[in-house]
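Reading through the structure tokens given below for one structure.
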Amino acid sequence: MQATSIIWPWDVLHWLHDNGHLCDWACNEASRLSGECAEYWRKLSSEESVQLLQLEEPGKTIPIFWHTDGVRVYKQQKCWIYSYSSALKKGPSMQCKLLLLLVREVLVWRPFTHDRIAEVIAWVQKVLQTGKYPQEDFNGAPWEEGSLQAKVAGSFFAGGWRFAFSGCKGDWEAKVYIHKLQRSYRHDNICEHCLATKKDGAFYYKDFSPNAGYLNLQFTHAQFMIMTPPELRSKWQHVPGWTKDRNLEVPWLSV
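To get the working numbering, take the position in the sequence shown, counting from 1, and add 123.
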């Protein structure tokens, strides 16, 4: 197992705030950021994922999308890039996404590397939702006495703004790998939301009629997790607010 560098989001977000860029990064209408946050969470308030978050200050909580991209950097070399953005911001990736980490494909040990990254993101999101610097490191150990981390631990970063999980974005390949999906385009059972299958029968996936059998039942997140063996469950289950329904699909030309 080889270590990789991580750019902690609270450091980046605090820098953006201190330099007057946070609101512009988070929202297309920077002056309306607080109102946009409150409205965003209000519109999604009926969703299980939002209810799980138990937000204390919706108007001061910026919704975060996490992005996973498998990018070919050379003909024979690929990198996995994990980044995040504000759900309220639309624009080019270079203006919206902030890097968490990248790891070369040749160093990826599936599924353990992606699982470990998911556990890191779960910890990161728990910290971000408090709006305060972490009291201890990822492994639960106290910061070294006198270190910068120890000096700021427990204090607000980014002016007291909070950042809560709202979605996990990636193409189909990324979704299958990082969530260890057993129902996907690579399997006979092609959907994590319903009974659609490639096999002929009542739930045949090419039946596009309004009476198609697979339309009669949609899995809840709890049902999906029960159907999935423990060792194959996504480690994103530890991310506050994550459900399978927040694995959002990204068209090729989307941001």
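For each residue, glycine too, the CB sits at the ideal point set by N, CA and C.
Helix, strand or coil at residue i [DSSP, three-state]
i, result
"His144", "coil"
"Arg115", "The requested residue 115 does not occur in the structure, where the chain is confined to residues 124 to 378."
"Trp266", "coil"
"Cys150", "coil"
"Ile130", "coil"
"Leu167", "coil"
"Gly158", "helix"
"Gln125", "coil"
"Trp138", "helix"
"Val250", "helix"
Sheet register partners of residue i (DSSP bridge)
i, result
"Gln305", "Bridge partners of Gln305: none, in fact."
"Lys255", "Phe279"
"Glu372", "Gly293"
Inter-residue spacing [alpha-carbon to alpha-carbon] between residue i and residue j
i, j, result
"Glu242", "Trp359", "7 Å"
"His140", "Val250", "17 Å"
"Arg309", "Trp295", "10 Å"
"Gly143", "Glu152", "14 Å"
"Ile130", "Tyr207", "11 Å"
"Ala161", "Pro181", "5 Å"
"Met348", "Phe279", "35 Å"
"Leu225", "Gly214", "22 Å"
"Gln218", "Trp148", "7 Å"
"Val196", "Arg369", "28 Å"
"Ser154", "Leu145", "11 Å"
Limits of the beta strand (DSSP E) - the one that residue i falls within
i, result
"Tyr205", "200-209"
"Asp192", "184-197"
Endpoints, the alpha helix (DSSP H) within which residue i is located
i, result
"Leu178", "Element bounds for Leu178: n/a, residue is neither H nor E."
Any chance you could list the beta strand (DSSP E) runs of at least 3 consecutive residues sitting entirely within the stretch 267-353, in chain order?
-> Qualifying beta strand (DSSP E) stretches, in chain order: 285-293.
Continuous beta strand (DSSP E) assignments of at least 3 residues falling wholly in the stretch 213-245 | 221-227
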